[in-house]
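Below you'll find the structure, written out as structure tokens, and then a few comments.
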Amino acid sequence: MALQDCNIVLGVSGGIAAYKSADLCRQLKKNGAKVRVVMTQGACAFIQPLTFQALSGEPVSTALLDEDAEAGMGHIELAKWADLILIAPASANCIARIANGFADDLLTTLVLATEAQIAIAPAMNQVMWANPITQKNLQNLIESYEQRLQIVGPASGEQACGDVGFGRMMEPSDIVAAISQESTPRECKYRVVITAGPTREAIDPVRYISNHSSGKMGYALAEAFHAVGADVCLISGPVNLSCSSGIERIDVTSAEQMYEQAMRQARTGLDVFIGSAAVADYRPIDVSEQKMKKTDFGDNIQVELTQNPDIIANVSAMREISQSLIVGFAAETNDVIQYAKSKLKRKSLDVVIANDVSNQEIGFNSDNNEVTLVTVDGEELLPLTSKASLAQELVTRLSEKLNQKRKSK
Ligand code: PMT
Numbered sequence: 000m001a002l003q004d005c006n007i008v009l010g011v012s013g014g015i016a017a018y019k020s021a022d023l024c025r026q027l028k029k030n031g032a033k034v035r036v037v038m039t040q041g042a043c044a045f046i047q048p049l050t051f052q053a054l055s056g057e058p059v060s061t062a063l064l065d066e067d068a069e070a071g072m073g074h075i076e077l078a079k080w081a082d083l084i085l086i087a088p089a090s091a092n093c094i095a096r097i098a099n100g101f102a103d104d105l106l107t108t109l110v111l112a113t114e115a116q117i118a119i120a121p122a123m124n125q126v127m128w129a130n131p132i133t134q135k136n137l138q139n140l141i142e143s144y145e146q147r148l149q150i151v152g153p154a155s156g157e158q159a160c161g162d163v164g165f166g167r168m169m170e171p172s173d174i175v176a177a178i179s180q181e182s183t184p185r186e187c188k189y190r191v192v193i194t195a196g197p198t199r200e201a202i203d204p205v206r207y208i209s210n211h212s213s214g215k216m217g218y219a220l221a222e223a224f225h226a227v228g229a230d231v232c233l234i235s236g237p238v239n240l241s242c243s244s245g246i247e248r249i250d251v252t253s254a255e256q257m258y259e260q261a262m263r264q265a266r267t268g269l270d271v272f273i274g275s276a277a278v279a280d281y282r283p284i285d286v287s288e289q290k291m292k293k294t295d296f297g298d299n300i301q302v303e304l305t306q307n308p309d310i311i312a313n314v315s316a317m318r319e320i321s322q323s324l325i326v327g328f329a330a331e332t333n334d335v336i337q338y339a340k341s342k343l344k345r346k347s348l349d350v351v352i353a354n355d356v357s358n359q360e361i362g363f364n365s366d367n368n369e370v371t372l373v374t375v376d377g378e379e380l381l382p383l384t385s386k387a388s389l390a391q392e393l394v395t396r397l398s399e400k401l402n403q404k405r406k407s408k
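Each residue of the sequence shown is one higher than the last, beginning at 0 in numbering that gives the first Met the number 0.
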């Protein structure tokens, strides 16, 4: 979105980061936007409306019912005037209320009444951010507003309360960059193919070999890329998850089926390939056509296995997509970084996202994850947070890495 002459309603909700919104208001104006500020009651406890009035050069609205507005309906006027409603900071409470369609103050009513783009810059304590309720609320917003919604941040780091983690509001300059035309993630035109979930390798019609992958990490990535406008194809093993209707989802069961679909997608071209699926390395050589009976075997039974094709290694070897970013995951229980580095090299990947699955709080089937990004240039820890929040962070990091790769070629 070009900021020059753009009508922006800057919604400020109650949080300590409200003080940063004064600078955000100033920067939006400096970039040519017209800014009208709407503050919640909570925001007024942190910062005075007068500050925003001085910086925006416009009256600041704090109440739903406005006697000065034409027909007493300031919210409808503002909702129609806005090209963008930018809520920064968006507190957990504010997100919960807009996600549930509340209209009991000016800001929530505006969101409900507008047809404009909506951007939110969350800011809250890291535990509140990681709470599944907050993440469900965000998911609800993503599904409700689809392409009209942009989630900017949060960033990770030290918080006002002393905690460290995801939840800090992005810096005003980063918010401006994210919503402006040059770098808005909504302009992301990438084609992203993601594998997710487990595979099942049949032994007979009723039994199979599989693993504990729930698909949550891969689905979170698919939603996060979809939310920024990418064209997303999700090749999913059997999971109990649903995804937004704009995501192309291809359901598979076995590693061989996942391989066929991944190769087909890669042949049609892609910008980013992410292997978050926990693919079974082996499958039974002989699959019994009928249910195997205990009476046919003694105390022991041997099932001979053969190796499955390595999906990501084969995708990465395709010359047609040498400009693409190939991202693997490594689920390890020990020597995590060492194994991740060896996978990076052996499978010719650009990035390996390593998770320590010996920790039951993260990795398989959990709502949270903590990962280390491993590249040839080094390692970077992304601290414990929800998979949804991590996925948003990964969208930014991987987009940067794709740009770097393309520039260096
Ligand atoms: O699904 P969740 O419950 O949310 O859990 C997420 C997760 C732990 C499954 C995910 O974060 C993760 O780590 N996925 C990769 C798990 C894994 O099995 O890694 P691996 O070390 O076996 O494989 C390394 C990479 O090669 C992965 O990108 C994998 O998708 C890919 N691979 C592996 C084998 C194979 N035959 N083909 C592949 O493409």
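C-beta atoms are modelled at their ideal positions from N, C-alpha and C, and glycine is treated no differently.
Three-way DSSP call (helix, strand, coil) for residue i in this model
i, result
"L240", "coil"
"E369", "strand"
"S407", "helix"
"F328", "strand"
"S60", "strand"
"P308", "coil"
"V350", "strand"
"V335", "helix"
"C24", "helix"
"S341", "helix"
"E392", "helix"
"F272", "strand"
"Q385", "For clarity, residue 385 is Ser in the given sequence; the question names Gln instead. Strand at S385."
"S486", "A query on residue 486 cannot be resolved here, the shown segment of the chain reaching from 0 to 408 and no further."
Option nearest residue i by Cα separation, candidates the options
i, options, result
"P204", "A276, Y218, T133 and M291", "M291"
"A32", "I7, Q40, K293 and G13", "I7"
"W80", "A91, F45, Q116 and T107", "Q116"
"I311", "N367, Q359, I202 and T194", "T194"
"G286", "V302, E399, V373 and G274", "Note on residue identity: the sequence assigns Val, not Gly, to residue 286. Of the candidates V302, E399, V373 and G274, the one whose C-alpha sits nearest the C-alpha of V286 is V302."
"I86", "G13, L63, I75 and N30", "G13"
"Q46", "A17, M168 and T252", "It is worth fixing the name first, because residue 46 is Ile in this sequence and not Gln. Checking every option, the nearest Cα to that of I46 belongs to A17."
"F51", "L233, I94 and L9", "L9"
"L372", "L380, S365 and D366", "L380"
"L397", "L111, L220, D162 and R199", "L220"
"S212", "W128, S20 and N368", "N368"
"Y222", "Q40, E145 and G377", "The question names Tyr, but residue 222 in the sequence shown is Glu. The residue with the shortest Cα to Cα distance from E222 is E145."
"Q3", "I178, A91 and N239", "I178"
"D173", "K400, E157, N92 and L27", "L27"
Assigned exposure category for residue i - 16 Cβ within 10 Å defines buried
i, result
"C160", "exposed"
"D250", "exposed"
"D104", "buried"
"I325", "buried"
"N136", "buried"
"G100", "exposed"
"P184", "Because the pLDDT at P184 is just 43, under 50, the model does not fix this residue reliably, and the point stays unresolved."
"N354", "buried"
DSSP bridge partner residues for residue i (one or two, in chain order)
i, result
"P283", "L304"
"N6", "K33"
"I117", "I84 and L148"
"D230", "R190"
Residue i Cβ short of 7 Å to ligand 3 heavy atom set
i, result
"A221", "As for ligand 3, it is missing from this structure, which binds only ligand 1."
In chain order, each beta strand (DSSP E) run of at least 3 residues that lies wholly inside the region 129-205
Counting whole runs of 3 or more residues, the region 129-205 contains the beta strand (DSSP E) stretches 148-150, 154-157, 163-167, 190-195 and 200-203.
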